[in-house]
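Heads up, the thing below is written out as structure tokens.
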Amino acid sequence: MGTAQQLAQIKVNISDAKHMVKLAAALEKLKKNENFRLLIEQGYFIEEAARLVAAKYNIAMQSTEQQRFLDSGIMGLGSLQQFFIKIDQMGDRAKDSIEADENTEAELLGMGE
19 MGTAQQLAQI
29 KVNISDAKHM
39 VKLAAALEKL
49 KKNENFRLLI
59 EQGYFIEEAA
69 RLVAAKYNIA
79 MQSTEQQRFL
89 DSGIMGLGSL
99 QQFFIKIDQM
109 GDRAKDSIEA
119 DENTEAELLG
129 MGE
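If you're matching positions, the sequence shown starts at 19 in my numbering and goes up one per residue.
So, in structure tokens, the structure goes:
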């Protein structure tokens, strides 16, 4: 891969990483919001999770269709939590990669002089 191609790829990497950092910052801002904490963290991740698990073992909710509905709700909860975790982790990694990519870019540009 030539220097021009490397520089182009680094620019794409930096752009992607900056987008990920922006997503992580947006999530962090949401987590500090009282309404988010009330609705999502307390209402959904705790209260709705407890309701779904309790309903799963309720004798009146044992049909296959009802169990599938409850399972999909539980999986949805887990999926959203995992999405938030992924955004946090990728945001942290992206911060590190931006600095590394910018250093590599500077080195490549310095070699071209």
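Note that beta-carbon positions come from the ideal geometry of N, C-alpha and C, so glycine has one too.
Can you list, in chain order, the stretches of the alpha helix (DSSP H) that have 4 or more residues and sit fully within the stretch 52 to 108?
67 to 74
Is the beta carbon of residue 115 less than 8 angstroms from the beta carbon of residue 26?
As a first step, residue 115 is located in the sequence shown; it is residue number 97 there, counting from the start. As a first step, residue 26 is located in the sequence shown; it is residue number 8 there, counting from the start. It is not a contact, given that the beta carbons lie outside the stated cut-off.
Is residue 38 helix, strand or coil by DSSP?
What you label residue 38 is simply residue 20 of the sequence shown in a count that begins at 1. If DSSP states are grouped into helix, strand and coil, residue 38 belongs with the helices.
What separation, rounded to the nearest whole angstrom, lies between the Cα atoms of residue 67 and residue 108?
Here residue 67 corresponds to residue number 49 of the sequence shown, with the count starting at 1. Here residue 108 corresponds to residue number 90 of the sequence shown, with the count starting at 1. C-alpha separation (whole angstroms): 26 angstroms.
Indicate the three-state DSSP secondary structure (helix, strand or coil) for residue 129 in the structure shown.
If you number the sequence shown from 1, residue 129 lands on position 111. Helix, per DSSP.
From residue 62 to residue 77, what does the alpha carbon distance come to, in whole angstroms?
Position 44 of the sequence shown, counted from the start, is the residue given in the question as residue 62. Position 59 of the sequence shown, counted from the start, is the residue given in the question as residue 77. Each residue's alpha carbon lies about 23 angstroms from the other.
Beta-carbon proximity of residue 92 to residue 41, cut-off 8 angstroms
As a working mapping, residue 92 is identified with position 74 in the sequence shown. As a working mapping, residue 41 is identified with position 23 in the sequence shown. Result no, Cβ atoms of residue 92 and residue 41 do not sit closer than 8 angstroms.
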